[in-house]
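Heads up: the structure comes next, in structure tokens.
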Amino acid sequence: MDYISTTKKQRKEMLQSIGVNSVEDLFKDIPEKLKIKKLNLNNPLSEAELKKTVSDLSKKNANALEYSYFLGAGIYNHFLPSVVPHLALRSEFYTAYTPYQPEVSQGNLQVIYEWQTFISELTGQDLANASVYDGATATADAMIMTKIITKRNKVLVAKSLNPEYKKVLKNYAQANEIEIKEIEYKNGLLSLDELKKELDEKTASVILQNPNFFGCIESLEEIINLIHEKGTLSIVAVSEPVSLGLLKPAGEFDADFVTGEGQSFGIPMSFGGPGVGFYATKQKHVRFVPGRLSGKTTDSDGKEGFILTLQAREQHIRREKAISNICTNQGLMAVIATIHLSLLGKNGLKEMAELNLQKAHYAAEKIKELDGFEIFFGALFFNEFVIKTPGAEKVKEKLLEKKIISGFSLEKEFPELKDCILFCVTEMNSKESIDTLVEVLKEVK
Amino acid sequence: MDNPKELHYTKEHEWVKIENGIGTVGITDFAQHSLTDIVFVELPEKGKQVEQFKQLTVLESVKSVSDIYSPISGEVTEVNESLSDSPEQVNKSPFENGWIAKIKLKDEKELENLMTAEQYNEYLKTKEH
Amino acid sequence: MKLIFEKGAEGRKGVSLPELDVEKKENLIPKALLRKELNLPEVSELDVVRHYTKLSTLNFGVDSGFYPLGSCTMKYNPKINEDMSFLQGFALTHPLQGEELSQGVLELMFELEKALCELSGFERFSLQPAAGAHGELTGVMITKAFFKKKEENRTKLLIADSSHGTNPASCVLCGFETIEVKSDKEGNLDLEDLKEKMQQDVAGLMLTSPNTLGLFDKNTEEICKIVHEKNGLVYCDGANMNAIVGISKPAEQGFDIMHINLHKTFSTPHGGGGPGSGPVGVTKELVEFLPAPLIDKNRKGFYLNYDLENSIGKMRSFFGNFGILVRAFTYIKGLGTSLKEVGENSVLNANYLAVNLKKDFDLPYNRICMHEFVLSDKNFPNQVTTMDLAKRLLDYGFHAPTIYFPLIVHGAIMIEPTETESKETLDEFIEIMKKILKEAEKEPEKLKNAPQNTPVKRLDAVKAARQPDLRWKKQ
């Protein structure tokens, strides 16, 4: 299938109308020697053949319908209500372009406005943008903004930040001539002593995660107050936003930027993408927001409507003076998350967060009782926790025999955490599946 | 709107009014008109050193961004904070309430590089077609 | 229309979650850390379904009608691609579940990369970048790393005056200063200007090919040669690849780095602004700088290869917008060698429109075009503007073309029909464009007051920018 509707007869008519003899004549600007003689690809497939070919590949992967996942570390296995894809796959949403013609894009623009509201409410911030690529790039964007705002170029990053985020920060920092320094953790939490030591008048911002990569809940109030003492800005990343159904958000502790990943809200794990990055901040930093913003206004009849606004910040107008280069964002993923958050609402999100919290603690308590297993950090946690095991590889293999996907082995990213595993428990893990996990772990010696 | 006699003008359509060694800077009525509705004025920082005809700041309309150049060299001593909340003053009152910054005049001789109101009016005539 | 926050009733919920099946423990989190307020909607599943169904109908998509938005390649998005991306074996996979449990995922990425290499001529691709601009940023970072390794301090990059805004923005984000190179009267890059500006402190040139006027620069090879003579790199912004897919390979034309927008050329949907995917391809000498990991194959199977000596690092978390890669792979696999038809028909459609519109509209670069062309607002009567024309098109059930871009054409109207549109649709569009031009002469108020048949009329952008209202707040 090539989805082309021009017939041979029509093609001839069109060529005549253009005044050329053949299609080749349309490509005269390309020198002959640069033209492809033979394309080394497969022959076209019928839809049935294609479906089989692609489906066969999909069958070679473990997936959450066939396996039981206790793995998170930035991407989470949460419940996906049927409603969400049904609505998000209305083609008026997914086959539209960026809403540059607001008169025929009110659906999209209103959803973005609602998304901005959801994120602002959840993070306790004044405003949020229309989305960026993912939690990692959202955090990197905020880092760059703090350099511009403070005119300082040193950034402190908590070691307990998701390693994927750290790698992206490192890369963006290099390109922007920002100097990054890591702050150690102590008992799973950001070390205040280390922070005090490194924080100075040259520090643009401090970046930390909450709950942090180890699942532990940070004392944001103390940390952020400390950061602000030096005129430094704070960036709090949230990779598991379901936690915000229960936890007081960073915005209420006066965090300057709250960034993160919204995949938990109705978006399939999809091997890590596409998810949706969110970016929220205070009113006073509204000029330091990358990408699109939907704003409310009125039309020529005085009727309320929405439009992309403050566009002169963006690359298509400001060009080399722009503070971000983002154009395409994760629009449809923001639509999905917005629909999902509407379904959950005030009561559902709290209930979902409570389920995650309770089940994770049930699992941690049970595992703790096993010989050779211990909860490694004493800090408060949400739905992820670190367990020291008799052997991370052994655990992984043993669990796999029972079609259970183990948590994230920490040693590779944190050599000091040998045989430690970051387990994740969500509302998708029933008591029965947790009990099975514990039964299997019991056999690992 | 007439271009006030006591001001000095640039080819980029900025004006400066000198009082006691301090130059108040803004954009002309012609400039505000061609920029259309100003929605944001990026205020320069107090204490910033600027050079004559080099970028002072940036103005935004809905769909464009324009550089504003400084008519004189010197230090920015004051900025018009009220433009943060009501940038439309640049459109409504370009020569009065819509002023952008005050700059401490470094070199009086620089004024010779600027146009008088009369010269600026002539200059505009060359632009109007 | 009311916001979802303004609907519903207290106590209502739209989702059924499992019962708590473990013993509930109190005070797991101290009160001081618990939130007090959560102002989210309280709505039922049906409330949500009605609300977002209604909102969707206020939108216009490719499925709604002709969408000739230049430089955006709004082609038909095949439905099978969507279905494939939602297969459980793709959608419900975790990026850290391990290579041995993800062989199908990795094979798909491996095969997609191979196809992109075949179509572009580059040695390897990174599938990480999440969008075109993200690909550009990757390319500029690679350029920076390349010269850093050579210990050469090059601080500038050249861009064309017809370039997308993302080009200069991407350069500046990596600390490069940008210098604009002019286009000549025919719409090609001005070679003399290029020669003059391509100095020793210039790292290279970013060029959209075919360019944003919809033209294949006749001097592409020569341009690359000029930059290479000064040991610079040439980056190809592949936003317009649709015209040459299956026809010519950018690497053979002389480009060193390129991004491809899978959401343009390879039919993945634009999603109302994203997600996209912007894989970056490079020549052999630049492979070592690509973001790690690449997908490789050994005797055990497919694996994530982190062994890249001078990799710039990661561009984003995990491995890219995988769900989008599935859609693009499905498209490429389905079309196979017939991808050539895509390039051919996109160019045929564009030229057919151009020839039939230039009788009445000004076509400043009047020559055979590629997949798109740009009209100007010259000769519009009664102070009618490009904006007015665009809004009037909405009244007739078409999406507007890209307007006021590229900046080098006055009142630019950039039209890209894509290959999937039929001759009947193109004929209808030509007819309506002509009709609107007549209206502009005789009843200009019809254009100035347009659109009239849309859910809202022209919106007050000044008000929106002067008093930004970016969110709902509980009263």
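Going down the list, the sequences are from chains Z, A and H.
Numbered by the numbering used here, the letters in the first sequence go through residues 1 to 445 in order.
Numbered by the numbering used here, the letters in the second sequence go through residues 1001 to 1129 in order.
Numbered by the numbering used here, the letters in the third sequence go through residues 2001 to 2475 in order.
For glycine and all other residues, C-beta sits at the position ideal for the given N, C-alpha and C.
Only a predicted model underlies this, so the values are computations on that prediction, with no experimental measurement involved.
Step through the CB atoms of chain Z and report whether any lies within less than 8 Å of the CB of residue i.
i       : result
A:E1096 : no
H:H2094 : yes
A:S1064 : yes
A:E1012 : no
H:K2358 : no
H:A2160 : no
A:E1112 : no
H:C2174 : yes
A:E1060 : yes
H:I2432 : no
Would you say residue i faces chain H, with C-beta separation under 8 Å as the test?
i       : result
A:E1042 : no
A:D1037 : yes
Z:D134  : yes
Z:I227  : no
A:E1006 : no
A:E1081 : no
Z:Y97   : yes
Z:C327  : yes
A:P1071 : no
Which residue from the options puts its Cα closest to that of residue i?
i       : options                            : result
H:R2012 : H:S2056, H:L2040, H:M2001, H:P2030 : H:L2040
A:K1125 : A:F1030, A:L1007, A:I1022, A:G1026 : A:F1030
H:H2410 : H:H2399, H:L2096, H:M2387          : H:M2387
Z:L349  : Z:V258, Z:H78, Z:T309, Z:V444      : Z:H78
Z:F271  : H:G2089, H:S2209, H:G2204          : H:G2089
Z:K412  : Z:K403, Z:I326, Z:L422             : Z:L422
Z:L233  : Z:K202, Z:C216, Z:S243             : Z:K202
H:H2259 : H:G2276, H:H2270, H:I2247, H:G2246 : H:G2276
H:K2284 : H:F2125, H:T2053, H:P2451          : H:F2125
Z:K52   : H:K2054, H:S2056, H:V2062, H:I2080 : H:I2080
A:K1048 : A:I1038, A:E1060, A:I1072, A:F1040 : A:I1072
H:P2364 : H:K2150, H:N2242, H:K2185, H:S2056 : H:K2185
H:D2460 : Z:L308, Z:D200, Z:L122             : Z:L308
A:E1110 : A:P1004, A:N1003, A:V1016          : A:V1016
Z:P390  : Z:M269, Z:P99, Z:S409, Z:R292      : Z:S409
List the residues of chain D whose Cβ lies closer than 7 Å to the Cβ of residue i, in chain order.
i       : result
A:E1019 : Any reference to chain D falls outside this structure, whose protein chains are Z, A and H.
Just grab the DSSP bridge partners of residue i for me.
i       : result
Z:G55   : The question names Gly, but residue 55 of chain Z in the sequence shown is Ser. Looking at the DSSP assignment, Z:S55 forms no beta bridge with any residue, so it has no partner.
H:R2124 : H:V2282
A:M1115 : A:Y1009
Z:E164  : According to DSSP, Z:E164 bridges with nothing at all.
A:K1014 : Sequence check: residue 1014 of chain A is Glu here, not Lys. Its beta-bridge partners are A:I1027.
H:K2473 : In the DSSP output, where bridge partners are listed per residue, H:K2473 has none listed.
Z:D435  : Z:D435 is not bridged to any residue.
Z:A158  : Z:I183
Can you confirm whether residue i, when its beta carbon is compared against all beta carbons of chain A, has any partner nearer than 8 Å?
i       : result
H:V2462 : yes
H:A2465 : yes
Z:R152  : no
(message) Quick test of the definition: if touching needs 3 or more C-beta pairs under 8 Å, does the segment 2307 to 2315 of chain H touch the segment 108 to 128 of chain Z?
(response) no
(message) Under 8 Å, with one C-beta from each stretch per pair, do the segment 2272 to 2291 of chain H and the segment 2128 to 2143 of chain H reach the 3-pair mark?
(response) yes
(message) Please give me, in chain order, every unbroken run of the alpha helix (DSSP H) with length at least 4 that falls completely inside the segment 91 to 131 of chain Z.
(response) 91 to 94, 106 to 123
(message) I'd like the ranges of any alpha helix (DSSP H) spanning at least 4 consecutive residues and lying wholly in the segment 263 to 333 of chain Z.
(response) 315 to 318
(message) Counting beta carbon pairs with one atom in the segment 375 to 387 of chain Z and one in the segment 175 to 188 of chain Z, are three or more of them shorter than 8 Å?
(response) yes
(request) Please determine if the segment 53 to 60 of chain Z and the segment 2016 to 2029 of chain H are in contact, where contact requires at least 3 C-beta pairs separated by less than 8 Å. (result) no
(request) Tell me the start and end of each unbroken alpha helix (DSSP H) in the segment 2201 to 2231 of chain H that is at least 4 residues and wholly inside, in chain order. (result) 2220 to 2229
(message) Under 8 Å: do the segment 271 to 284 of chain Z and the segment 1015 to 1033 of chain A share three or more Cβ pairs, one atom per stretch?
(response) no
(message) Check whether the segment 2217 to 2224 of chain H and the segment 2375 to 2392 of chain H are in contact - that is, three or more C-beta pairs closer than 8 Å.
(response) no
(request) Pair every Cβ in the segment 168 to 179 of chain Z with every Cβ in the segment 261 to 270 of chain Z, then say whether three or more of these pairs are closer than 8 Å. (result) no
(request) Within the segment 390 to 429 of chain Z, note down every full beta strand (DSSP E) run reaching 3 residues or more, in order along the chain. (result) 420 to 424
(request) Flag this pair as touching only if the segment 1093 to 1113 of chain A and the segment 1014 to 1027 of chain A have three or more C-beta atom pairs under 8 Å; answer yes or no. (result) yes
(request) Check whether the segment 2230 to 2241 of chain H touches the segment 2194 to 2209 of chain H, taking contact to mean three or more Cβ pairs, one atom from each stretch, closer than 8 Å. (result) yes
(request) List in chain order: all unbroken beta strand (DSSP E) runs of 3+ residues lying wholly within the segment 2354 to 2379 of chain H. (result) 2373 to 2375
(request) May I ask you to verify whether the segment 337 to 354 of chain Z touches the segment 243 to 258 of chain Z, counting CB pairs closer than 8 Å and requiring at least 3? (result) yes
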